[in-house]
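Residue numbers (the numbering used here): 11 to 121.
Heads up, the beta-carbon is just placed ideally off N, CA and C, and yes, glycines get one too.
In what follows, a single structure is set out as structure tokens and then discussed.
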């Protein structure tokens, strides 16, 4: 396995300031310098239809097929995009159950 085997490039419109990974889904959310918050669904491994079947005791059916995620020929889907801040988004996180996000805008220090 090479160091760069599982890298992906996100189609971002501005500088990346923060990111958060969903606790249970293959989703990454990013906060950008423009104030945009975007969420992307990452490609997931596809399991063989025989994987995990309890019909027999041999390990032949317990394989994972080469999917688009593992062969580097998949694309990343945009789940949603919004702009809630006039300034940049500097902090972002998912709730523990993954149902919500909590972006925090950058607030410049008072003059």
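Beta carbon of residue i nearer than 8 angstroms to that of residue j
| i | j | result |
| --- | --- | --- |
| residue 96 | residue 45 | yes |
| residue 106 | residue 33 | yes |
| residue 94 | residue 27 | no |
Endpoints, beta strand (DSSP E) assigned at residue i
| i | result |
| --- | --- |
| residue 101 | 99-101 |
| residue 91 | 87-93 |
| residue 41 | 37-42 |
| residue 48 | 46-51 |
| residue 28 | 26-31 |
Contact belief for residue i with residue j at Cβ below 8 angstroms, rounded distance in angstroms
| i | j | result |
| --- | --- | --- |
| residue 86 | residue 22 | Actually they are not in contact, since the Cβ atoms of residue 86 and residue 22 sit about 11 angstroms apart, beyond 8 angstroms. |
Close beta carbons around residue i, own chain, < 6 angstroms, minus the five adjacent residues each side
| i | result |
| --- | --- |
| residue 49 | 37, 39, 89, 90 |
| residue 92 | 47 |
| residue 24 | 42, 43, 44 |
Sequence-distant residues of the same chain with beta carbon closer than 8 angstroms to residue i, five excluded per side
| i | result |
| --- | --- |
| residue 111 | 30, 39, 47, 49, 102, 103, 104, 105 |
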